[in-house]
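K.L.:
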Amino acid sequence: MSNSKLYHIYPTMKCNLSCQHCFLHQEVRDKKDRMTAEEFRSLVDNMANDFAMDPSAEFAEVTIIGGEPTLMPPAFYTENIPYLREKFDATNKPISLTIVTNFTTTNALKRYAHLFDIVSTSYEWDRFDSQKIILGATSSKKENWWKNLRDWTDEGRKVAISLATTTETIDHWEEMFEKLYENGVRFFQVNLMHPDGELMKGILSDQDYKHFCEHRLSILTHPTEKFNYHYQATNNDLWPGFEKEAQFLIDLTLWLDKKQDEALVIYPINSHKECLNGGVGNSDIACPASGAICVTTTGEVSGCTIESGKPNMISYGNAFEDDFQDIVNSQLRANHTTSLDLKPVECLGCDYYFFCKGGCSFRELFWDRANPTAECHGLKSYFEFIKNNYQN
Numbered sequence: 001m002s003n004s005k006l007y008h009i010y011p012t013m014k015c016n017l018s019c020q021h022c023f024l025h026q027e028v029r030d031k032k033d034r035m036t037a038e039e040f041r042s043l044v045d046n047m048a049n050d051f052a053m054d055p056s057a058e059f060a061e062v063t064i065i066g067g068e069p070t071l072m073p074p075a076f077y078t079e080n081i082p083y084l085r086e087k088f089d090a091t092n093k094p095i096s097l098t099i100v101t102n103f104t105t106t107n108a109l110k111r112y113a114h115l116f117d118i119v120s121t122s123y124e125w126d127r128f129d130s131q132k133i134i135l136g137a138t139s140s141k142k143e144n145w146w147k148n149l150r151d152w153t154d155e156g157r158k159v160a161i162s163l164a165t166t167t168e169t170i171d172h173w174e175e176m177f178e179k180l181y182e183n184g185v186r187f188f189q190v191n192l193m194h195p196d197g198e199l200m201k202g203i204l205s206d207q208d209y210k211h212f213c214e215h216r217l218s219i220l221t222h223p224t225e226k227f228n229y230h231y232q233a234t235n236n237d238l239w240p241g242f243e244k245e246a247q248f249l250i251d252l253t254l255w256l257d258k259k260q261d262e263a264l265v266i267y268p269i270n271s272h273k274e275c276l277n278g279g280v281g282n283s284d285i286a287c288p289a290s291g292a293i294c295v296t297t298t299g300e301v302s303g304c305t306i307e308s309g310k311p312n313m314i315s316y317g318n319a320f321e322d323d324f325q326d327i328v329n330s331q332l333r334a335n336h337t338t339s340l341d342l343k344p345v346e347c348l349g350c351d352y353y354f355f356c357k358g359g360c361s362f363r364e365l366f367w368d369r370a371n372p373t374a375e376c377h378g379l380k381s382y383f384e385f386i387k388n389n390y391q392n
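Numbering-wise (UniProt numbering), the sequence shown opens with residue 1 and increments by one.
(1) Could you check whether residue 177 and residue 265 sit closer than 8 angstroms to each other, using their CB atoms as the reference points?
(2) What does the alpha-carbon distance come out to for the pair residue 327 and residue 143?
(3) Can you list, in chain order, the residues of its chain with a C-beta nearer than 7 angstroms to that of residue 25? Leave out the 5 residues immediately preceding and following it.
(4) Hey, how far is the Cα of residue 343 from the Cα of residue 147?
(5) Provide the residue(s) that pair with residue 8 in DSSP beta bridges, ordered along the chain.
(6) Considering only C-alpha positions, which residue in the set 332, 268 and 267 is nearest to residue 289?
(7) Does the stretch 82-92 come close enough to the stretch 314-325 that 3 or more CB-CB pairs lie under 8 angstroms?
(8) In the stretch 155-213, which residue ranges form an unbroken alpha helix (DSSP H) of at least 4 residues, counting only runs that do not cross its ends?
(9) Would you verify that the beta carbon of residue 330 is, or is not, closer than 8 angstroms to some beta carbon of chain D?
(10) Please name the residue or residues paired with residue 266 in a DSSP beta bridge.
(11) Based on the DSSP secondary-structure assignment, which residues constitute the bridge partners of residue 119?
(12) Among 43, 163, 297 and 304, which residue has its Cα nearest to the Cα of residue 286?
(13) Answer yes or no: do residue 324 and residue 46 have a C-beta to C-beta separation smaller than 8 angstroms?
(14) What's the gap between the Cα of residue 165 and the Cα of residue 41?
(15) Among 59, 234 and 231, whose alpha-carbon lies nearest the alpha-carbon of residue 3?
(16) Pairs of beta-carbons, one from the stretch 233-240 and one from the stretch 198-207, closer than 8 angstroms: are there three or more?
(17) Check whether the stretch 119-128 touches the stretch 169-176, counting contact only when three or more Cβ pairs, one atom from each stretch, lie closer than 8 angstroms.
(18) May I ask you to report which of helix, strand or coil DSSP gives residue 302?
Given below as structure tokens:
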């Protein structure tokens with residue numbers, strides 16, 4: 001939704017998994033801090049007020065995320081989510097409230113799932129296989145996830161599946177989607193890989209990763225600085241690259257058509273068709289940072305979800321210590337969002353710029369702009385496919 005505003009709250013950054021493609025650095029996920037009820041409510045007050053005062057914001061997407069948010073005591077949600085609802089309802093503008101969980105445990109979740117509009121969990125083909133390497137765990141984590149999913153859908157509960165375009169997921173996408181569909185899943189969200197955190201460390205050479213870390217701040221806060229850098233993945237075991245991502249979305253679109261199930265929704269495919277037909281941009285793929293407020297467990301604020309996973313994140317201020325409107329209007333926020341929004345001339349001349357607005361700046365760093373035949377980070381060939389086959 002083009003006039004939506006995103007609010008992400010991280011009650012805890014701690015997670016019981018250690019996925020190699022995660023945008024959160026491991027040292028961030030290891031932190032044991034928890035947001036208090038007082039901190040949560042003060043944050044809700046400020047977010048609801050910000051939403052109410054923004055005349056351009058017609059819809060709020062509020063997401064409780066982590067870390068793993070179900071590691072918080074159930075009472076944290078049963079006591080505080082109704083408060084969140086009350087404050088946002090007072091704006092007289094619609095919201096969607098989501099909790100994002102890894103679904104490794106659902107007993108506590110069932111006590112407060114009804115308080116959310118959407119319960120979303122993430123799954124990739126190799127998600128729990130990687131745990132064996134990192135944590136020395138057995139495959140029981142994977143078996144337990146599937147058991148929880150079947151129990152959930154058998155009880156008539158809805159769940160959204162969010163997945164990242166890892167190499168293993170794309171290599172096994174059809175088997176995975178068929179299995180999830182057979183187990184009652186009807187809502188999917190495909191997230192293109194955003195290189196940072198553990199993923200960036202895994203796909204770059206040691207030398208390039210060191211270089212990226214040294215220049216990351218200037219890349220993201222000095223508007224034209226990022227145009228001076230280009231990185232190339234040396235390891236495609238985690239991230240397959242733009243060409244395979246584009247072909248995967250084409251194949252997945254055809255699979256969606258074949259199902260002929262009106263209840264089946266796959267984002268961003270459904271919204272791609274709608275937006276391209278309407279000639280409007282798609283906020284599902286355009287960088288949302290300028291209209292987003294993400295607050296970590298300790299109160300640090302950024303507009304980029306990925307930034308929240310950094311040990312030394314670009315923070316506009318602390319929501320528990322500083323004036324909230326001073327944070328929203330800070331110069332650092334302006335510099336950061338301007339840098340993210342500024343796109344190379346090749347994007348500005350593209351037929352689909354109105355649609356994706358140049359996509360993600362992290363992905364842009366891996367686009368070979370000098371090669372006119374190279375797939376771009378926004379996946380232009382997929383847009384061409386949608387236009388040629390679905391435009392009215």
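Where is the CB? At the ideal position from N, CA and C, for every residue including glycine.
P.N.:
This is what the structure gives:
(1) no
(2) 44 angstroms
(3) Closer than 7 angstroms at the Cβ level, and outside the excluded window around residue 25, lie 197, 198, 309, 310 and 311.
(4) 45 angstroms
(5) 63 and 294
(6) Of the listed residues, the one whose Cα sits closest to residue 289 is 332.
(7) no
(8) 167-171, 173-182 and 197-203
(9) This model lacks chain D altogether; it includes just one protein chain.
(10) 188
(11) 99
(12) 304
(13) Yes, the Cβ-Cβ distance between residue 324 and residue 46 is below 8 angstroms.
(14) Their Cα atoms are separated by approximately 35 angstroms.
(15) 59
(16) When C-beta atoms of the stretch 233-240 are compared with those of the stretch 198-207, three or more pairs fall below 8 angstroms, so the two segments count as touching.
(17) yes
(18) Strand at residue 302.
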